[in-house]
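> All letters in the sequence shown, in the order written, are residues 1 to 354 by this note's numbering.
For each residue, glycine too, the CB sits at the ideal point set by N, CA and C.
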Amino acid sequence: MTASAESDIKSLQLEELRSLAQPSYRASQITDWLYKKRVNSFAEMTDLPQVLREKLAADFSFERIDVVRVLGSSDTTRKFLFRLSDGNLIEAVLIPASPALYGSPSDRRTICVSTQVGCAYGCKFCASGLDGWKRNLRPNEIVNQIIAVERESREGIDNIVFMGMGEPLANYNNVMRAIQIINAPWGIGIGARHITISTSGLVPQIRKLGEQPLQIRLAVSLHGATDGVRSRIMPVNRKYNLSSLLEACRYFTSLKKQRITFEYILIAEVNDSDEQARKLAKHAQSLDAMVNLIPYNNVEGLDWIRPSAGRQKRFLALLRAAGVRATLRREKGEDIAAACGQLRLQAERTVVNA
Ligand code: SAH
Ligand code: SF4
1 MTASAESDIK
11 SLQLEELRSL
21 AQPSYRASQI
31 TDWLYKKRVN
41 SFAEMTDLPQ
51 VLREKLAADF
61 SFERIDVVRV
71 LGSSDTTRKF
81 LFRLSDGNLI
91 EAVLIPASPA
101 LYGSPSDRRT
111 ICVSTQVGCA
121 YGCKFCASGL
131 DGWKRNLRPN
141 EIVNQIIAVE
151 RESREGIDNI
161 VFMGMGEPLA
171 NYNNVMRAIQ
181 IINAPWGIGI
191 GARHITISTS
201 GLVPQIRKLG
211 EQPLQIRLAV
221 SLHGATDGVR
231 SRIMPVNRKY
241 NLSSLLEACR
251 YFTSLKKQRI
261 TFEYILIAEV
271 NDSDEQARKL
281 AKHAQSLDAM
291 VNLIPYNNVE
301 GLDWIRPSAG
311 RQKRFLALLR
321 AAGVRATLRR
331 EKGEDIAAAC
341 GQLRLQAERT
351 VVNA
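1. Note down the Cα distance separating residue 305 from residue 219, rounded to an integer number of angstroms.
2. Measuring only the C-alpha atoms, how far is residue 5 from residue 85?
3. According to the Cβ coordinates, are residue 30 and residue 43 closer than 8 angstroms?
4. Enumerate in chain order the residues of its own chain whose CB-to-CB distance from residue 155 is below 6 angstroms, with the five nearest sequence positions on each side excluded.
5. Give the secondary structure of residue 94 by DSSP, where H, G and I count as helix, E and B as strand, and everything else as coil.
6. Would you list the residues whose beta-carbon is nearer than 5 angstroms to any heavy atom of the ligand SF4, in the order they occur in the chain?
7. If you run the structure through DSSP and keep just helix, strand and coil, what is residue 123?
8. Of all the options 310, 315, 317, 295, which has the alpha carbon lying nearest to the alpha carbon of residue 329?
9. Mind checking residue 77: buried by the 16 CB within 10 Å criterion, or exposed?
10. By DSSP, does residue 5 sit in helix, in strand, or in coil?
11. Specify the secondary structure class of residue 67 as computed by DSSP and reduced to three states.
12. Give a single yes or no on whether residue 294 has its beta carbon closer than 7 angstroms to a heavy atom of the ligand SAH.
13. Tell me, please, which residues DSSP counts as bridged to residue 198.
14. Would you mind working out which of 35, 123, 56, 96 sits nearest residue 238, comparing C-alpha positions?
15. Measuring from the CB of residue 263, is there a heavy atom of the ligand SAH at a distance below 7 angstroms?
16. Mind checking residue 195: buried by the 16 CB within 10 Å criterion, or exposed?
17. Closest by CA to residue 15, which one among 88, 68, 186?
18. With a threshold of 16 other CB atoms inside 10 Å of the CB of residue 286, please say whether the residue is buried or exposed.
19. Helix or strand or just coil, what does DSSP make of residue 225?
20. When we look at the beta-carbon of residue 136 and count the other beta-carbons within 10 Å, is it buried (16 or more) or exposed?
21. Considering only heavy atoms of the ligand SAH, does any lie closer than 7 angstroms to the CB of residue 174?
22. Would you list the one or two residues that DSSP bridges to residue 109?
23. Please state whether DSSP places residue 116 in a helix, a strand or coil.
24. Would you kindly work out how many angstroms separate the C-alpha atoms of residue 258 and residue 217, rounded to a whole number?
25. Pull up the CB-CB distance for residue 319 and residue 280, whole angstroms please, since I reckon it's below 8 angstroms.
26. According to DSSP, is residue 251 helix, strand or coil?
27. Could you check where the alpha helix (DSSP H) with residue 137 kicks off and where it finishes?
28. Use the C-beta contact count for residue 79: other C-beta atoms within 10 angstroms, 16 or more gives buried, fewer gives exposed.
29. Apart from the five residues on each side of it in sequence, which residues of its chain come closer than 6 angstroms, Cβ to Cβ, to residue 175?
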């Protein structure tokens, strides 16, 4: 089996299916089987002629992702560990109704999906980068995380955040291909404004994302309000410094009528000073951005610590006093290693039983 971005049936757009299956209504039959009825094989597509089913099976793979482990219960954050067809492990997190997450405060269910196996960016606080980068996920592997979580939890998903393992904008084409399928009425049908891409700050791709037509939301992992602090914990800042990043954010917001979000993990003695808060407030104000503060989640093998509750609240208060819309995320999944990459790391360092 080849492993190009388009080799799997769930990586294709409706248009592409139309050129493969004649007459063209066959393409809609196929997408109905894939995304509405959600079958697991070509053989189950019973209203397609046998020859077409055989041709599809010969030309395309129909991969699955296997759920290896689920942690958490139905009223808390649930974490899903998946095994891909080549044996690699990835994870997704299902976050129940939450007042302080992405999208509007409501009863929405949010899924956080992975975009790569591992991550090449090596942020100093993050479990996903600890073992380096292995490969990009293909579009079907991104789409399948959503389908598998909906099936396993028996719940529909309203919001998608690309905040799991990996840097989505370093896998731009496959992520956008997946988003087309997630967004399309013939696919999973989730509105673009309910889809958020989080990036550590890849400047050229932020610009490109601004130029494409979908109104996807953007979250930028800032985690430092000066080059000094940011470069210490995020090596990517040495390539794209703060001023070039903020410039790209300005370009993005000039093209899209929406506010972006700055994510900011609070780490004691690293980025939690009053001075950082004031500088962060300035950056946020100049872009009319929202700020989402995230208390650092402990990662085995790393010795950062989260600031005290008092310190966290003071940081939040300084932002708000400057007129910035800011939230402090209540950690919902610490007990189940919900910070990105942690579950996979645990699993790889112990023995995984299928
Ligand atoms: N690569 C992209 C998206 C995945 S990482 C990016 O960096 O934006 C996304 C988020 O994972 C980070 O912004 C942060 O919110 C979270 N994260 C990573 N390590 C964490 C930790 N130790 N504690 C809390 N959150 C963490
Ligand atoms: Fe990669 Fe994002 Fe983790 Fe940084 S925070 S190592 S970019 S996944």
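Concretely, from the data shown:
1. One-based indexing of the sequence shown puts residue 305 at position 305. One-based indexing of the sequence shown puts residue 219 at position 219. Going by the C-alpha atoms only, they are around 24 angstroms apart.
2. If you number the sequence shown from 1, residue 5 lands on position 5. If you number the sequence shown from 1, residue 85 lands on position 85. About 14 angstroms.
3. Here residue 30 corresponds to residue number 30 of the sequence shown, with the count starting at 1. Here residue 43 corresponds to residue number 43 of the sequence shown, with the count starting at 1. Note that the C-beta distance between residue 30 and residue 43 is not below 8 angstroms.
4. For the purposes of this step, residue 155 is taken as the residue at position 155 of the sequence shown. Within the same chain, residue 155 has close Cβ partners 109.
5. The residue you call residue 94 lines up with position 94 of the sequence shown. Residue 94 sits in a strand when the DSSP states are folded into three classes.
6. Result (chain order): 119, 121, 123, 126, 128, 129, 167, 200.
7. Counted from its first residue, the sequence shown places residue 123 at position 123. Coil at residue 123, not helix or strand.
8. Within the sequence shown, the letter at position 329 stands for residue 329. Closest by alpha carbon: 295.
9. Start at 1 with the first residue of the sequence shown, and residue 77 comes out as number 77. Buried.
10. Your numbering for residue 5 matches position 5 in the sequence shown. When DSSP states are grouped into helix, strand and coil, residue 5 belongs to the coil group.
11. Position 67 of the sequence shown, counted from the first residue, corresponds to residue 67. In the structure shown, residue 67 sits in a strand (DSSP, three-state: E or B).
12. For the purposes of this step, residue 294 is taken as the residue at position 294 of the sequence shown. When distances are taken from the beta-carbon of residue 294 to the heavy atoms of the ligand SAH, the shortest one is below 7 angstroms.
13. By one-based count along the sequence shown, residue 198 stands at place 198. Answer is 219, bridged to residue 198.
14. Counting from one through the sequence shown, the residue named residue 238 turns up at place 238. Nearest option by C-alpha distance: 123.
15. As a position in the sequence shown, residue 263 is number 263, starting the count at 1. Checking the Cβ of residue 263 against the ligand SAH gives yes.
16. The residue you call residue 195 lines up with position 195 of the sequence shown. With 16 or more other Cβ atoms within 10 Å, it is buried.
17. Taking the first residue of the sequence shown as 1, we reach residue 15 at position 15. When each option's Cα is compared against that of residue 15, the closest is 186.
18. Residue mapping note: residue 286 aligns to position 286 of the sequence shown, counting from 1. Within a 10 Å sphere around the beta-carbon of residue 286 sit fewer than 16 other beta-carbons, which makes this residue exposed.
19. As a working note, residue 225 is residue 225 in the sequence shown. Coil at residue 225, not helix or strand.
20. In the sequence shown, residue 136 corresponds to position 136, counting from 1. Classification for residue 136: buried.
21. In the sequence shown, residue 174 corresponds to position 174, counting from 1. No, the ligand SAH has no heavy atom inside 7 angstroms of this Cβ.
22. On the sequence shown, residue 109 is found 109 positions in, with the first residue counted as 1. Note: residue 109 sits in no beta bridge, so no partner.
23. As a first step, residue 116 must be located in the sequence shown, where it is residue number 116. Three-state result, residue 116: strand.
24. Here residue 258 refers to the residue found at position 258 when the sequence shown is read from its first residue. Here residue 217 refers to the residue found at position 217 when the sequence shown is read from its first residue. The C-alpha of residue 217 is placed about 8 angstroms away from the C-alpha of residue 258.
25. What you label residue 319 is simply residue 319 of the sequence shown in a count that begins at 1. What you label residue 280 is simply residue 280 of the sequence shown in a count that begins at 1. Between residue 319 and residue 280 the beta-carbon gap is near 7 angstroms, inside 8 angstroms, which marks them as a contact.
26. On the sequence shown, residue 251 is found 251 positions in, with the first residue counted as 1. Correct three-state label for residue 251: helix.
27. Reading the sequence shown from its first residue, position 137 is the one you call residue 137. Element bounds for residue 137: n/a, residue is neither H nor E.
28. Residue 79 sits at position 79 when you count from the first residue of the sequence shown. Counting other Cβ atoms within 10 Å of its Cβ, residue 79 reaches 16 or more and is therefore classed as buried.
29. On the sequence shown, position 175 is the one that residue 175 refers to. 115, 168, listed in sequence order.
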